[in-house]
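I have placed the structure first, in the form of structure tokens, so that the comments after it can refer back to it.
There are 2 protein chains.
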Amino acid sequence: MSTANSNTEPGAHTKSAWVQTVEIPAPSLENNTAFVERVCSQLEKTMDGMKISVDLEVLKALPKILRTGEGAMDCMLFGQGGEAALVGVAPKKAGPLPGLAVDLGTTRVVLRLVDMRTGQILKESSFDNPQGRIGPDVLARIHYAEQEGGLEELQSLIAQGISQEGARLAAACGLSPKDVYCVAAAGNTAMTHLLLGADPYWIIREPYTPMVNSPGFLKCRDIGLDFAKSARVYVFPNVGSYFGGDLLAGILSSDMVCKEDVSMLVDVGTNAEVVVGNKDWLMACAGAAGPALEGGVTAMGMLAGPGAIEKVRIDPQTREFAFQTIGGIKPVGICGSGVIDLAAQLFLAGMIDLRGKLVPTACEGRLIELDEIPALIIVSEEDSANGRALLFSQADLDSLVRSKAAMYTILRTITNTVGLAFTDLAEFNIAGTFGSYIDPVSAITIGMIPDLPLSTYKALGNTSLEGATQVLLQREAVGFVREIREKITYMELNVNQEFMNRFSAAKFIPHTNPALFPSVKIPQ
Amino acid sequence: MSTANSNTEPGAHTKSAWVQTVEIPAPSLENNTAFVERVCSQLEKTMDGMKISVDLEVLKALPKILRTGEGAMDCMLFGQGGEAALVGVAPKKAGPLPGLAVDLGTTRVVLRLVDMRTGQILKESSFDNPQGRIGPDVLARIHYAEQEGGLEELQSLIAQGISQEGARLAAACGLSPKDVYCVAAAGNTAMTHLLLGADPYWIIREPYTPMVNSPGFLKCRDIGLDFAKSARVYVFPNVGSYFGGDLLAGILSSDMVCKEDVSMLVDVGTNAEVVVGNKDWLMACAGAAGPALEGGVTAMGMLAGPGAIEKVRIDPQTREFAFQTIGGIKPVGICGSGVIDLAAQLFLAGMIDLRGKLVPTACEGRLIELDEIPALIIVSEEDSANGRALLFSQADLDSLVRSKAAMYTILRTITNTVGLAFTDLAEFNIAGTFGSYIDPVSAITIGMIPDLPLSTYKALGNTSLEGATQVLLQREAVGFVREIREKITYMELNVNQEFMNRFSAAKFIPHTNPALFPSVKIPQ
Numbered sequence: 001m002s003t004a005n006s007n008t009e010p011g012a013h014t015k016s017a018w019v020q021t022v023e024i025p026a027p028s029l030e031n032n033t034a035f036v037e038r039v040c041s042q043l044e045k046t047m048d049g050m051k052i053s054v055d056l057e058v059l060k061a062l063p064k065i066l067r068t069g070e071g072a073m074d075c076m077l078f079g080q081g082g083e084a085a086l087v088g089v090a091p092k093k094a095g096p097l098p099g100l101a102v103d104l105g106t107t108r109v110v111l112r113l114v115d116m117r118t119g120q121i122l123k124e125s126s127f128d129n130p131q132g133r134i135g136p137d138v139l140a141r142i143h144y145a146e147q148e149g150g151l152e153e154l155q156s157l158i159a160q161g162i163s164q165e166g167a168r169l170a171a172a173c174g175l176s177p178k179d180v181y182c183v184a185a186a187g188n189t190a191m192t193h194l195l196l197g198a199d200p201y202w203i204i205r206e207p208y209t210p211m212v213n214s215p216g217f218l219k220c221r222d223i224g225l226d227f228a229k230s231a232r233v234y235v236f237p238n239v240g241s242y243f244g245g246d247l248l249a250g251i252l253s254s255d256m257v258c259k260e261d262v263s264m265l266v267d268v269g270t271n272a273e274v275v276v277g278n279k280d281w282l283m284a285c286a287g288a289a290g291p292a293l294e295g296g297v298t299a300m301g302m303l304a305g306p307g308a309i310e311k312v313r314i315d316p317q318t319r320e321f322a323f324q325t326i327g328g329i330k331p332v333g334i335c336g337s338g339v340i341d342l343a344a345q346l347f348l349a350g351m352i353d354l355r356g357k358l359v360p361t362a363c364e365g366r367l368i369e370l371d372e373i374p375a376l377i378i379v380s381e382e383d384s385a386n387g388r389a390l391l392f393s394q395a396d397l398d399s400l401v402r403s404k405a406a407m408y409t410i411l412r413t414i415t416n417t418v419g420l421a422f423t424d425l426a427e428f429n430i431a432g433t434f435g436s437y438i439d440p441v442s443a444i445t446i447g448m449i450p451d452l453p454l455s456t457y458k459a460l461g462n463t464s465l466e467g468a469t470q471v472l473l474q475r476e477a478v479g480f481v482r483e484i485r486e487k488i489t490y491m492e493l494n495v496n497q498e499f500m501n502r503f504s505a506a507k508f509i510p511h512t513n514p515a516l517f518p519s520v521k522i523p524q
Numbered sequence: 001m002s003t004a005n006s007n008t009e010p011g012a013h014t015k016s017a018w019v020q021t022v023e024i025p026a027p028s029l030e031n032n033t034a035f036v037e038r039v040c041s042q043l044e045k046t047m048d049g050m051k052i053s054v055d056l057e058v059l060k061a062l063p064k065i066l067r068t069g070e071g072a073m074d075c076m077l078f079g080q081g082g083e084a085a086l087v088g089v090a091p092k093k094a095g096p097l098p099g100l101a102v103d104l105g106t107t108r109v110v111l112r113l114v115d116m117r118t119g120q121i122l123k124e125s126s127f128d129n130p131q132g133r134i135g136p137d138v139l140a141r142i143h144y145a146e147q148e149g150g151l152e153e154l155q156s157l158i159a160q161g162i163s164q165e166g167a168r169l170a171a172a173c174g175l176s177p178k179d180v181y182c183v184a185a186a187g188n189t190a191m192t193h194l195l196l197g198a199d200p201y202w203i204i205r206e207p208y209t210p211m212v213n214s215p216g217f218l219k220c221r222d223i224g225l226d227f228a229k230s231a232r233v234y235v236f237p238n239v240g241s242y243f244g245g246d247l248l249a250g251i252l253s254s255d256m257v258c259k260e261d262v263s264m265l266v267d268v269g270t271n272a273e274v275v276v277g278n279k280d281w282l283m284a285c286a287g288a289a290g291p292a293l294e295g296g297v298t299a300m301g302m303l304a305g306p307g308a309i310e311k312v313r314i315d316p317q318t319r320e321f322a323f324q325t326i327g328g329i330k331p332v333g334i335c336g337s338g339v340i341d342l343a344a345q346l347f348l349a350g351m352i353d354l355r356g357k358l359v360p361t362a363c364e365g366r367l368i369e370l371d372e373i374p375a376l377i378i379v380s381e382e383d384s385a386n387g388r389a390l391l392f393s394q395a396d397l398d399s400l401v402r403s404k405a406a407m408y409t410i411l412r413t414i415t416n417t418v419g420l421a422f423t424d425l426a427e428f429n430i431a432g433t434f435g436s437y438i439d440p441v442s443a444i445t446i447g448m449i450p451d452l453p454l455s456t457y458k459a460l461g462n463t464s465l466e467g468a469t470q471v472l473l474q475r476e477a478v479g480f481v482r483e484i485r486e487k488i489t490y491m492e493l494n495v496n497q498e499f500m501n502r503f504s505a506a507k508f509i510p511h512t513n514p515a516l517f518p519s520v521k522i523p524q
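Note that the protein sequences, when read in sequence, are chains A and B. Sequential numbering from 1 applies to the first sequence in full-length UniProt numbering. Sequential numbering from 1 applies to the second sequence in full-length UniProt numbering.
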């Protein structure tokens with residue numbers, strides 16, 4: 001599975017880029033229209049009649065540029081809906097004009113610096129969301145925001161984090177953070193609220209109403225982002241409390257709204273977000289898929305990082321285990337994709353049964369009891385990186401089975417609602433790092449995703465970052481986001497009897513009805 | 001002559017005011033659109049489809065207001081061109097929602113606090129433009145701005161001045177400067193540039209190109225105005241370097257663009273700015289009328305203030321002088337309107353002749369020589385406030401005559417250009433404090449303004465302040481300003497032979513051709 005980044009290839013966006021080179025005719029006694037209005041009128045011509053406003057800082061910088069640039073200069077614009085602000089000016093072709101794309105993750109924040117003139121990716125980096133100090137998840141942070149000064153603290157943590165890492169990233173490219181005029185950030189609804197300093201209280205309370213849906217363009221310094229004084233940040237809109245800008249960015253980057261065929265996009269995490277549709281319609285839903293898929297619950301679970309088991313193979317005859325870890329070092333733990341691989345291989349080796357229970361006879365030699373719960377030794381003390389055995393208990397397994405069953409049920413429910421079968425899907429896109437690592441064969445084996453031809457599956461990588469990048473490089477992108485937002489129908493997952501019946505059926509491996517998974521060779 | 005303020009009468013503006021009371025329906029599971037978007041959608045309904053954006057600070061303030069206001073709240077908006085920003089929210093009818101009108105004078109700055117909810121004027125105050133410390137006039141300040149840090153210093157002086165006096169004014173009304181959400185400022189092109197921190201260098205150099213024509217709406221804090229965090233300031237546009245926002249504000253407040261009949265508007269100062277037109281067309285010009293009209297040149301000249309002679313009567317028989325001073329105290333000096341009165345009375349008493357020369361025989365007893373120039377004792381040492389005689393020299397008189405001749409010539413040239421006679425003017429509006437004090441009879445007597453029926457003359461008072469007030473109270477006003485700006489034809493005064501001939505003819509009192517001033521009884 002390869003990461004789709006065809007949208008950000010150098011030069012692909014120059015046609016409708018935010019950077020425009022204009023020549024300003026010198027004023028005369030016959031035409032002494034003010035300098036600012038001369039610049040605007042030139043820009044309006046080159047930008048298909050977009051209405052241009054000029055930032056105060058640019059107004060102040062203009063005299064120098066007009067002198068040094070001899071009438072020609074590069075203009076950096078940013079905006080939406082037929083309107084753009086002139087946020088920066090530079091002498092013609094003086095160097096890269098960087099824009100910063102931000103994937104505002106709850107756990108990890110990823111930054112990407114792109115040259116808005118050429119479309120080239122300059123550099124990427126990532127850092128732990130500093131709000132993690134206050135609470136590991138959305139819920140904890142929202143509760144913290146209810147305290148006096150809590151929201152301000154959370155806001156300032158993330159703004160400082162982005163500013164500092166952004167400055168480092170710029171420096172690594174020989175640039176200053178003051179050279180960054182445009183920022184685009186995509187995150188879930190709660191993270192977006194915390195970035196803005198908007199009250200997230202109602203996001204987690206009935207009727208789950210965000211404070212704001214479409215924050216649009218803001219001045220960076222108004223939210224404490226320390227880039228150019230005139231820099232603007234585009235914050236992706238949300239559809240609702242449980243359907244955020246990260247997913248809209250994902251839909252944008254998946255291109256599914258440009259296609260005749262129906263595709264599906266799944267963002268897997270604690271919350272599974274699912275979109276199905278094509279150029280004419282979009283249906284979305286989100287539901288708790290369980291934290292097991294993030295590798296966050298099992299004792300041996302960890303985020304993808306050095307020493308994380310990402311691939312497991314078990315010889316069905318000898319039941320010998322073989323691992324592949326990130327970085328090729330001794331195992332430290334197991335990441336989400338590794339857990340799915342592990343479960344699939346345990347099942348194919350007959351070590352867990354159709355109901356997801358460890359089979360004592362088949363697990364012999366590796367089975368112990370931990371607080372009266374059976375557990376499987378995956379990596380022995382000697383073979384692990386830290387001298388502690390890595391264990392996978394029946395409880396971990398139950399949790400994974402619930403998660404995969406929930407995921408499958410959500411997928412089944414949304415396709416059912418729009419009257420489609422899984423086989424009607426031309427593409428099944430999986431977003432996120434998770435999507436880049438999981439082996440679709442294993443995910444199919446445990447019945448987490450439908451049994452479609454492997455060519456249907458596509459890992460899109462970091463679609464939040466990709467969508468944010470598109471906003472920086474294509475003038476049309478923000479309009480597309482608005483269209484996507486308006487087009488999308490959000491379906492509340494009704495956890496009714498029908499859903500529960502589907503869920504119960506999906507709690508088998510791969511499913512109560514094995515005919516749904518013809519490719520899975522169930523061990524006899 | 002009365003000050004026209006019919007436009008700012010309480011309640012006159014409630015229909016299209018910037019303050020709107022809206023009720024926000026509570027969200028439900030069926031409609032959980034975000035709070036901000038609920039507010040916007042209500043506002044768009046009450047504001048004839050205006051596109052509403054919400055300031056970040058308002059977004060943060062909303063939760064509290066939504067709780068205390070029980071769904072109903074007052075919204076403060078400000079904007080143009082079908083777009084407005086929601087800059088403030090307050091509980092329903094909680095008190096005045098103040099806006100600040102600013103007359104950004106080169107010498108004096110006048111502030112007016114109005115309640116944007118009711119249209120009521122709360123209070124006014126004024127202060128010396130603190131940039132006066134650096135240079136008394138536009139020219140000196142523009143030169144100072146060329147020095148390193150000079151522009152920043154001038155910018156910060158005026159911003160601090162307005163902030164401090166604005167805070168005092170608010171306090172005097174029992175309000176905080178943080179309660180001020182909307183500011184409107186009108187000044188000449190140079191003062192506007194200095195308020196923005198925009199380079200004024202080219203304003204005084206060929207081809208006299210301003211840096212910006214239409215600054216529009218800015219965040220107050222971006223230019224150092226210390227009001228509500230989200231407060232916006234509307235800065236009146238200019239037509240060119242010598243035709244500023246103060247005059248556009250004047251045209252707005254004069255209502256001349258709403259009338260079928262042709263009117264004239266004159267703003268008298270060092271620079272005379274003249275507009276003629278009606279609802280279909282507007283022609284404008286500006287020219288140096290000479291500082292004599294401001295009372296700034298004669299040794300006894302002063303700005304209108306306590307002790308300034310504002311009225312002079314000379315008995316044509318006894319040639320005894322009678323004065324009226326501002327505040328009714330002993331004379332300290334003479335203001336611009338007093339000088340005109342003085343010259344007219346001297347002429348009617350036969351003490352100056354048709355050529356504007358002191359008549360020694362008629363001036364007997366009051367005439368002395370000062371540096372070999374004849375001078376008239378207007379107030380003796382004993383009768384003056386400071387024990388020094390107030391003198392009016394032949395040089396002062398010459399200067400006044402040149403000024404009045406320039407003024408009349410400018411008026412004649414512009415009416416001539418549009419093919420009108422003075423008698424075609426339905427109204428002759430005089431803007432500024434000067435206009436409120438001069439006696440049109442005296443101004444006609446010396447031939448400074450045309451000999452029209454007295455009912456034609458109207459003193460409009462501080463039209464900059466009035467225009468700025470209209471922007472705060474009427475949503476349509478900014479659109480009118482734009483229309484005025486687009487409609488206006490600016491005529492460069494061509495100081496050619498024809499102009500010089502007219503000027504020479506106007507250097508007589510009242511004029512070489514006395515038939516032009518039938519009402520003036522020329523002493524034999």
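Ideal Cβ placement from N, Cα and C applies to all residues, glycine included.
Between the Cα of Asp353 (chain B) and those of B:Asp398, B:Ser403, B:Leu97, spot the shortest distance and give me the residue it belongs to. Locating residue 353 (chain B) in the second sequence gives position 353, where the first residue counts as 1. It is B:Asp398.
Validate contact between the segment 42 to 54 of chain A and the segment 145 to 162 of chain A using beta carbons, cut 8 Å, 3 pairs: Touching, no, given that fewer than three Cβ pairs across the two stretches are closer than 8 Å.
Between Val441 (chain B) and chain A, is there a C-beta pair that is closer than 7 Å? By one-based count along the second sequence, residue 441 (chain B) stands at place 441. It does not; no Cβ of chain A falls within 7 Å.
State yes or no: is the beta carbon of Glu37 (chain A) nearer than 7 Å to at least one beta carbon in chain B? Numbered from 1 along the first sequence, position 37 holds the residue referred to as residue 37 (chain A). It does: the Cβ of Glu37 (chain A) has a partner Cβ on chain B nearer than 7 Å.
Inter-residue Cα distance where the pair is Leu400 (chain A) and Met73 (chain B): Translated into positions along the first sequence, residue 400 (chain A) becomes position 400. Translated into positions along the second sequence, residue 73 (chain B) becomes position 73. Cα-Cα distance, rounded: 49 Å.
Between Phe508 (chain B) and Phe517 (chain B), what straight-line distance do the alpha-carbon atoms span, to the nearest angstrom? For the purposes of this step, residue 508 (chain B) is taken as residue 508 along the second sequence, with counting starting at 1. For the purposes of this step, residue 517 (chain B) is taken as residue 517 along the second sequence, with counting starting at 1. Straight-line Cα distance between these residues: approximately 12 Å.
Give the interface partners of Ile223 (chain A) over in chain B, defined as CB-CB distance under 9 Å, in chain order. Within the first sequence, numbered from 1, the residue matching residue 223 (chain A) stands at position 223. Result: Leu56.
Is there at least one Cβ from chain A nearer than 7 Å to Gly296 (chain B)'s Cβ? Taking the first residue of the second sequence as 1, we reach residue 296 (chain B) at position 296. Low local confidence applies: a pLDDT of 49 at Gly296 (chain B) is under 50, so the model's placement there is unreliable, with the coordinate-based value given in what follows. Gly296 (chain B) does not count as touching chain A.
Would you mind stating whether Pro207 (chain A) and Asn213 (chain B) have Cβ atoms separated by less than 7 Å? Taking the first sequence and counting its residues from 1, the one referred to as residue 207 (chain A) is at position 207. Taking the second sequence and counting its residues from 1, the one referred to as residue 213 (chain B) is at position 213. Contact flag unset, no.
Whole-angstrom Cβ separation of Glu310 (chain A) and Lys279 (chain A), contact assumed at under 8 Å? Within the first sequence, numbered from 1, the residue matching residue 310 (chain A) stands at position 310. Within the first sequence, numbered from 1, the residue matching residue 279 (chain A) stands at position 279. That belief does not hold up - the Cβ atoms of Glu310 (chain A) and Lys279 (chain A) are roughly 36 Å apart, past 8 Å.
Which partner residues does Met73 (chain B) have in the DSSP bridge list? Indexing the second sequence from 1 puts residue 73 (chain B) at position 73. Bridge partners of Met73 (chain B): B:Val22, B:Pro91.
Short CB-CB distance (under 7 Å) between Met211 (chain B) and chain A: Stepping through the second sequence from its first residue, residue 211 (chain B) is reached at position 211. Taking Cβ atoms only, chain A reaches closer than 7 Å to Met211 (chain B), which makes this a yes.
Listed by chain order, chain B residues near Pro207 (chain A) by CB distance under 7 Å: Position 207 of the first sequence holds residue 207 (chain A). What Pro207 (chain A) touches in chain B: Pro27, Ser28, Leu29, Asn32.
Measuring only between beta-carbons, confirm whether Asp246 (chain A) sits less than 7 Å from chain B. In the first sequence, counting from the first residue as 1, residue 246 (chain A) sits at position 246. False, the Cβ-Cβ gap to chain B never drops below 7 Å.
State the DSSP-derived secondary structure class of Ile446 (chain A), mapped to helix, strand or coil. In the first sequence, counting from the first residue as 1, residue 446 (chain A) sits at position 446. Three-state result, Ile446 (chain A): coil.
Could you tell me whether the Cβ of Lys60 (chain B) comes closer than 7 Å to any Cβ of chain A? For this step, residue 60 (chain B) is matched to residue 60 along the second sequence. For Lys60 (chain B), the answer is yes, since a Cβ of chain A falls inside 7 Å of its Cβ.
Do we get a CB-CB distance below 7 Å when we pair Ala159 (chain A) with the residues of chain B? Counting from one through the first sequence, the residue named residue 159 (chain A) turns up at place 159. For Ala159 (chain A), the answer is no, since every Cβ of chain B falls outside 7 Å of its Cβ.
Enumerate, from N- to C-terminal direction, the unbroken beta strand (DSSP E) stretches of 3 or more residues contained entirely within the segment 378 to 403 of chain B. 390 to 393
Measure from the alpha carbon of Ile65 (chain A) to the alpha carbon of each residue in A:Ile24, A:Val102, A:Ser53, A:Leu358, then state which is nearest. Working through the first sequence from its first residue, we reach residue 65 (chain A) at position 65. Of the listed residues, the one whose Cα sits closest to Ile65 (chain A) is A:Ile24.
Just to make sure I have the definition right: I need the residues of chain B whose C-beta is within less than 7 Å of the C-beta of Ser519 (chain A). Which are they? On the first sequence, position 519 is the one that residue 519 (chain A) refers to. Within chain B, no residue comes near Ser519 (chain A); the closest Cβ sits about 40 Å away, beyond 7 Å.
Taking DSSP's pairing of strands, which residues face Gly301 (chain A) in a bridge? Residue numbering aside, residue 301 (chain A) sits at position 301 when the first sequence is read from its first letter. Gly301 (chain A) pairs with A:Ile334.
Should the segment 405 to 412 of chain B be called in touch with the segment 493 to 508 of chain B, which here means at least 3 C-beta pairs below 8 Å? yes
Leu195 (chain B): contacting residues in chain A (beta-carbon distance under 8 Å): Within the second sequence, numbered from 1, the residue matching residue 195 (chain B) stands at position 195. Near Leu195 (chain B) there are no residues of chain A at all, since even the closest Cβ is about 11 Å away, more than 8 Å.
Spatial neighbours of Gly296 (chain A) within its chain, please: CB distance less than 7 Å, with the 5 preceding and 5 following residues excluded, ordered by chain position. Sequence index remark: in the first sequence, residue 296 (chain A) carries index 296 (1-based). Low local confidence applies: a pLDDT of 49 at Gly296 (chain A) is under 50, so the model's placement there is unreliable, with the coordinate-based value given in what follows. Around Gly296 (chain A): no qualifying Cβ.
When you compare the CB of Asp267 (chain A) with every CB in chain B, is at least one pair closer than 7 Å? Along the first sequence, read from residue 1 onward, the residue named residue 267 (chain A) stands at position 267. It does not; no Cβ of chain B falls within 7 Å.
Does the ligand GTP have a heavy atom nearer than 6 Å to the CB of Val22 (chain B)? Inclusion of the ligand GTP in the displayed structure is not the case, the ligand content being empty and no account of it being possible.
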